[in-house]
Amino acid sequence: MVATFAMTMLVCADVERCKHFYRNILELKIGTDAAPHWADFELGNGGRLGLHPTTESLSVKPGSLQLGFYVDDVDRFITDARTAGVRILQDPHDETFGRLAVIADPDGYPIQIATPAKAASS
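Quick note on UniProt numbering: the sequence shown kicks off at 1 and runs consecutively.
Right, here's the structure in full:
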């Protein structure tokens, strides 16, 4: 049996705060909103991003996963994110595939924000 990807789940110290970040900073479309117990987002490629609260029964701690998103203009995105008070882990810089920056969500998850070379040179 072949397994297909369903979602990435983040364990969050504060689901409501993380929901606000993904909805308002990354502008993801909310799928299920049962915060503070659960929230998930529809990702443009058919995947899903789930937010689960930290519980004593979970051994996974917040801050242990990295996600990546493409944007049309990483420099503009980082300027807007900085204005919104988002912590910038790496400022935009050139990589072989395009431009890349890294931000942190409210729980410290590092998130790559990239503009592929073709879009960056347009």
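Yeah, the Cβ is synthetic: ideal placement off N, Cα and C, and Gly gets one too.
Residues of its chain near residue i, where Cβ-Cβ distance is below 7 Å and the 5 sequence neighbours each way are ignored
i    : result
I25  : A81, A84 and V86
T96  : none
K29  : F41 and E42
L89  : V102, I103, A104 and P110
S117 : Note on residue identity: the sequence assigns Ala, not Ser, to residue 117. F97 and G98.
Cutoff 8 Å; reference residue i; Cβ partners in own chain excluding five residues on either side
i    : result
Q112 : Q66, L67, G68, F69, L100, A101 and V102
H93  : R99, L100 and A101
For residue j and residue i, believed in contact at Cβ under 8 Å, the rounded distance
i    : j   : result
D107 : A13 : 5 Å
A39  : V11 : Between V11 and A39 the Cβ distance is about 13 Å, and since that is not below 8 Å, they are no contact.
Secondary structure of residue i, DSSP reduced to three states
i   : result
T54 : coil
E16 : helix
Y22 : helix
A35 : coil
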